[in-house]
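Chemist: In full-length UniProt numbering, the protein residues as written are 1 to 132.
Glycine included, every Cβ here is placed at the ideal spot set by N, Cα and C.
This is the structure, below, for whatever I ask next.
Have a look at this one:
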């Protein structure tokens with residue numbers, strides 16, 4: 001089996017979060033989803049996220065759940081195949097209720113922009129020129 005990255009993210013409303021990420025084009029695996037969690041495919045079978053209700057997430061960590069709208073410990077960064085893919089995902093995130101905290105940054109060899117999902121988690125989308 002190849003190595004995978006699986007993010008575990010607490011969410012306030014599981015169905016609203018599923019709808020938000022579905023609008024971005026991410027899919028869900030019902031085999032590993034249920035009342036307290038939804039297994040989201042971000043990139044094929046290599047990068048996934050387990051969206052969990054805050055109560056279930058808290059039961060797994062044994063300490064309070066951080067309020068992502070107030071403070072962040074991590075920014076999730078995804079590489080994109082083109083500038084257009086960055087812009088498309090940003091447009092879909094905004095239309096689905098996400099917040100866009102800053103304009104795109106164009107460094108010529110690299111282009112990026114981020115969004116905040118409906119639970120306050122920060123995502124950064126980046127395209128890097130192949131010759132960089």
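(1) Under a three-way DSSP split, which group does residue 59 fall into?
(2) Rounded to the nearest angstrom, how far is the Cβ of residue 5 from that of residue 52, given a contact under 8 Å?
(3) Grab me the residues of residue 33's own chain with a C-beta within less than 7 Å of its C-beta, minus the 5 sequence neighbours each way, in chain order.
(4) Quick check on this structure: which residue in 120, 132, 2, 15 has the alpha carbon closest to the alpha carbon of residue 70?
(5) Is it right to say residue 117 is buried, meaning 16 or more other beta carbons lie within 10 angstroms of its own, or is it exposed?
(6) Would you decide whether residue 42 is buried or exposed? Buried here means 16 or more other CB atoms lie within 10 Å of its CB.
(7) First and last residue of the alpha helix (DSSP H) that includes residue 95?
(8) How is residue 79 classed by DSSP in three states: helix, strand or coil?
(9) To which residues of the same chain is residue 78 closer than 6 Å at the C-beta, ignoring the five residues directly before and after it?
(10) By DSSP's criteria, residue 6 is part of a beta bridge. Which residues make up the other side?
(11) Under 8 Å by Cβ, that's how I've got residue 129 and residue 115 pegged, so tell me the actual separation to the nearest angstrom.
(12) So who's on the other strand from residue 105, going by DSSP bridges?
Modeler: Looking at the atomic coordinates:
(1) Reduced to three states, the DSSP call for residue 59 is helix.
(2) That pair is no contact at about 16 Å.
(3) If you ignore the 5 residues before and after residue 33, its C-beta comes within less than 7 Å of the C-beta of 39, all in its own chain and listed in chain order.
(4) Closest in C-alpha terms to residue 70, from the list 120, 132, 2, 15, comes 120.
(5) Residue 117 is buried by the Cβ-count criterion.
(6) Residue 42 comes out buried.
(7) Counting along the chain, the alpha helix (DSSP H) containing residue 95 begins and ends at 83 to 95.
(8) Strand.
(9) The beta carbon of residue 78 is closer than 6 Å to those of 125 in its chain, skipping five residues each way along the sequence.
(10) Answer is 48, bridged to residue 6.
(11) Taking the Cβ atoms as the reference, residue 129 lies roughly 22 Å from residue 115, outside the contact range of under 8 Å.
(12) Paired residue(s): 112.
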